[in-house]
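Visitor: Counting from 49, one number per residue, gives the positions in the sequence shown under mature numbering (1 follows the signal peptide of the UniProt record, and there is no 0).
Where is the CB? At the ideal position from N, CA and C, for every residue including glycine.
This one's a predicted model, so the numbers in the text were calculated from it and none came from an experiment.
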Amino acid sequence: RSSAEKFEFQAEVSRLMDIIINSLYSNKDIFLRELISNASDALDKIRFLSLTDKEVLGEGDTAKLEIQIKLDKEKKILSIRDRGIGMTKEDLIKNLGTIAKSGTSAFVEKMQSGGDLNLIGQFGVGFYSVYLVADYVEVISKHNDDKQYVWESKADGAFAISEDTWNEPLGRGTEIRLHLRDEAKEYLEEDKLKDLVKKYSEFINFPIYLWTTKEVDVEVPADEEESSEEEESTPEAKEDEDTEEDEEKKPKTKTIKETTSEWELLNDVKAVWLRSPKEVTDEEYSKFYHSLAKDFGDEKPMSWSHFTAEGDVEFKALLFVPPKAPHDLYESYYNNNKSNLKLYVRRVFISDEFDDLLPKYLNFLKGIVDSDTLPLNVSREMLQQHSSLKTIKKKLIRKALDMIRKIAEEDPDEYSNKDKTDEEKSEMAEKKGQYAKFWNEFGKSIKLGIIEDATNRNRLAKLLRFESTKSDGKLASLDEYISRMKPGQKDIFYITGSSKEQLEKSPFLERLTKKNYEVIFFTDPVDEYLMQYLMDYEDKKFQNVSKEGLKLGKDSNKQAYMRGKRVLEINPRHPIIKELRDKVAQDNESEGLKQTARLVYQTALMESGFNLPDPKEFASS
Ligand code: ADP
Ligand code: MG
């Protein structure tokens, strides 16, 4: 078109498009998911604006918050239309081509080293997946603040923008027209699209319609040639009317084929988080996670927590621990306050970039919060200041840390499971190694939490894992360390350095291992910093063994006894305690362990009403 303005794609975007066009990736379906997700985002945005200004929605059909999909088999066009916020001319230029997002180059790199194209949405460049199936794409868009424009590109390094003077006015929103490649003809089949929408868009909170065409049998008077023009009424209603009339007036009829078209609703828009946790299956949670997090890898989330908070501040929440950390989790850590939770107020999406809904160190969690207490008709800024947010945050942290603790508790690698029934064991087998996996992906976040969150420091320290001189190549916890402490040992010993191999040669270490003390290896760069904040745990001080003047002082029998008692108080049903009791019974363990075990055992006896024995009696044995 002569009036079109031409633009070049930003270089990284151009490279990305080349990769997509030339990709041999077989799962081309994903483009539809990305387009529906964009349509849904755009609808969320206009709905949010309408909370404070009803006018923005417009009137009639324009006000309908929905998504429509249409197929044109002859022209080989698939179009997806939403009545969302739309894009101004400037938006089209920036969002679809000239400004590369931070994820663009990261995704290009990933692709060049054989990464999975399926993850495109996580990198914020999902739109370009349209070129998996189309060689020419038009984006028609109308924003309330601008005229209607057409963006178009054949992915040849350039795109064009023209004021739209020839298409039907959209009212508001965006229509994406994909001119499908020959190899992608399957996306013109209604059944294929129905399957895909069901598969990918189950959790989209707006109705998605497909324009479907059916052949139906229609009875018409025998002497009439064709049924007149197509009517808007449903085929059933039409059939009924005709038949009744026919029976009364003209008994002679014949059956002819007629095609009728209608909008068919493809999804069910009941939000998962509003359902009772008992009714939602694991598979549904898993699928919901994938759609929420735009994480379409094969892995299930590691864990989730679905709950309702009651009291002064009411809300429902669903939190997930993803199977993997996103590529940029710690890159932007210090200048990014935005949580990954989607905030809804009474089922209306407000924001997925809300500051301070969770503390920074929990930014790896995904999820949604839906509050009935927060006001709907105020600006985002005012909402941000609302006093209820503090309460919500506090409860979310508590639930999040509980959820993480449970990953450890349910992992058979973490604790002995000899008291478990066979059924429990087989159930647990699935969770084997989960906590080590969690630690591998998100351990650094727990450490950052210990540094930043003084209120929950002890809870977080419980989640800490490390290798030590006695952990045997596995990960150990502070509770385990304490259970293995030598009689009379007061402090928790650690050493910091760049690797375990380097530390094992340290002369400082030898001094302690000779005496059979356990020493923790802290080898992460963040650990030095961490240890400035983690001063003690369960009343035991941390001691850096490479510091001058380290004392290996012993505590008295009385103190040793008190320690055993405390271990028991912390968690009387802890599997370690049970294990220790068993070991006392077998009486064949190393002296150190036997001592501690005995202390704990005596405490257990005392707790159950036996007389308190003199600690001296067993201290010498
Ligand atoms: P993301 O959705 O992660 O931001 P995309 O590549 O899918 O990345 O989309 C890029 C941008 O283009 C979006 O952020 C949005 O601003 C704009 N956009 C895409 N589709 C639409 C749409 N249907 N309506 C309005 N804006 C859209
Ligand atoms: Mg997108």
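To the nearest angstrom, report how far apart proline 371 and tryptophan 352 are at their CA atoms.
Guide: About 11 Å.
Visitor: Taking the alpha-carbon positions, what's the glycine 151 to glycine 174 distance?
Guide: Distance between the alpha carbons of glycine 151 and glycine 174: 11 Å.
Visitor: Measure the alpha-carbon distance for tyrosine 197 versus aspartate 139 and round it to whole angstroms.
Guide: For tyrosine 197 and aspartate 139, the distance between alpha carbons rounds to 11 Å.
Visitor: Using CA coordinates, which residue listed in Ala373, Ser309, Val396 and Phe541 is at the minimum distance from leucine 99?
Guide: Cα-wise, what sits closest to leucine 99 is Val396.
Visitor: Is glycine 145 near valine 61, with beta carbons less than 7 Å apart?
Guide: Yes, Cβ-Cβ distance for glycine 145 and valine 61 is below 7 Å.
Visitor: Measuring CB atoms only, is the stretch 179-186 touching the stretch 218-231, in the sense that at least three cross pairs come out at less than 8 Å?
Guide: Short answer: they touch.
Visitor: Which one or two residues does DSSP pair with alanine 182 in a beta bridge?
Guide: Alanine 182 pairs with Leu228.
Visitor: When DSSP labels each residue in this structure, what does tryptophan 487 get in the three-state scheme?
Guide: Looking at tryptophan 487 - three-state DSSP - the assignment turns out to be helix.
Visitor: So what does DSSP say about valine 328, is it helix, strand or coil?
Guide: Note: valine 328 maps to coil in three-state DSSP.
Visitor: What are the start and end residues of the alpha helix (DSSP H) that includes asparagine 86?
Guide: Segment 78-100, the alpha helix (DSSP H) holding asparagine 86.
Visitor: Among residues of its own chain, excluding the 5 on either side of isoleucine 568, which ones have a beta-carbon nearer than 6 Å to its beta-carbon?
Guide: Only Phe514, Ser516 and Tyr542 meet the Cβ criterion.
Visitor: Kindly list the residues whose CB is nearer than 8 Å to the CB of proline 325, restricted to its own chain and excluding five residues on each side of it in sequence; keep chain order.
Guide: Excluding sequence neighbours, proline 325 sits near His354 and Phe355.
Visitor: Is the beta carbon of residue 9 within less than 6 Å of some heavy atom of the ligand MG?
Guide: Summary: the structure shown does not reach residue 9, with the chain confined to residues 49 through 669, and so no result is reported for it.
Visitor: DSSP three-state call for isoleucine 252: helix, strand or coil?
Guide: Looking at isoleucine 252 - three-state DSSP - the assignment turns out to be coil, as it is neither helix nor strand.
Visitor: Output yes or no for whether 7 Å exceeds the beta carbon distance between methionine 350 and phenylalanine 251.
Guide: Cβ distance not < 7 Å, so methionine 350 and phenylalanine 251 don't count as in contact.
Visitor: Would you kindly check if the distance between the Cβ of phenylalanine 368 and the Cβ of phenylalanine 490 is under 7 Å?
Guide: Cβ distance not < 7 Å, so phenylalanine 490 and phenylalanine 368 don't count as in contact.
Visitor: For the structure I just gave you, are there three or more beta carbon pairs, one from the stretch 577-591 and one from the stretch 494-504, closer than 8 Å?
Guide: Yes, the stretch 577-591 touches the stretch 494-504.
Visitor: Got a sec, what are the start and stop residues for the alpha helix (DSSP H) valine 156 sits in?
Guide: It spans 150-160 - the alpha helix (DSSP H) in which valine 156 sits, taken as one unbroken run.
Visitor: Please list, in chain order, all residues of the same chain as glutamate 576 whose beta carbon is under 8 Å from its beta carbon, the five residues on each side excluded.
Guide: Cβ neighbours of glutamate 576 beyond the five flanking positions: Thr544 and Phe570.
Visitor: Using only CA atoms, which one of Lys242, Arg323, Ile530 and Asp89 lies nearest to tryptophan 259?
Guide: When only C-alpha atoms are compared, the closest one is Lys242.
Visitor: Mind checking whether isoleucine 128 and leucine 83 have CB atoms under 7 Å apart?
Guide: Yes, the Cβ-Cβ distance between isoleucine 128 and leucine 83 is below 7 Å.
Visitor: If you run the structure through DSSP and keep just helix, strand and coil, what is residue 14?
Guide: Beyond the ends of the chain as shown, which are 49 and 669, falls residue 14; an answer cannot be given.
Visitor: Which complete alpha helix (DSSP H) runs does the stretch 547-590 hold, if anything under 4 residues is left out?
Guide: With a minimum length of 4 residues, the continuous alpha helix (DSSP H) runs that stay inside the stretch 547-590 are 548-552, 555-561 and 573-581.
Visitor: Sort out for me which residues DSSP pairs lysine 190 with in a bridge.
Guide: DSSP lists Gln196 and Gly221 as partners of lysine 190.
Visitor: Cα separation between valine 328 and valine 320?
Guide: Each residue's Cα considered, the two are about 7 Å apart.
Visitor: If you draw a straight line from the alpha carbon of tyrosine 333 to that of leucine 406, how long is it in whole angstroms?
Guide: Their Cα atoms are separated by approximately 21 Å.
Visitor: So, under 8 Å CB-CB, isoleucine 68 and serine 177 are touching, yes? Tell me the CB distance rounded to an integer number of Å.
Guide: Contact flag correct, Cβ pair sits at about 6 Å.
Visitor: Express the C-alpha separation of proline 555 and lysine 562 in angstroms, rounding to a whole number.
Guide: Lysine 562 and proline 555: Cα-Cα distance of roughly 11 Å.
Visitor: Sort out for me which residues DSSP pairs residue 34 with in a bridge.
Guide: Outside the shown range of the chain, which is 49 to 669, sits residue 34, and nothing can be said about it.
Visitor: By a C-beta neighbour count over all protein chains shown, 10 Å radius and 16 as the cutoff for buried, is arginine 95 buried or exposed?
Guide: Per the 10 Å Cβ criterion, buried.
Visitor: Would you say the beta carbon of methionine 135 is closer than 6 Å to some non-hydrogen atom of the ligand ADP?
Guide: Methionine 135: yes, Cβ under 6 Å from the ligand ADP.
Visitor: Give a yes or no on whether the C-beta atoms belonging to lysine 76 and valine 156 are separated by under 7 Å.
Guide: No.
Visitor: Report all residues from its chain with a CB closer than 8 Å to the CB of tyrosine 381; omit the five preceding and five following residues, and keep chain order.
Guide: Around tyrosine 381: Lys408, Asn411 and Leu496.
Visitor: Just checking glycine 221 against the ligand MG - is the residue's beta carbon closer than 6 Å to any of the ligand's heavy atoms?
Guide: Glycine 221 Cβ: outside cutoff for every heavy atom of the ligand MG.
Visitor: When the Cα atoms are used, what is the spatial distance from glycine 169 to aspartate 343?
Guide: Rounded to the nearest angstrom, the two C-alpha atoms are 8 Å apart.
Visitor: Along the beta strand (DSSP E) that carries arginine 129, what are the first and last residues, could you check?
Guide: Unbroken beta strand (DSSP E) run through arginine 129: 125-130.
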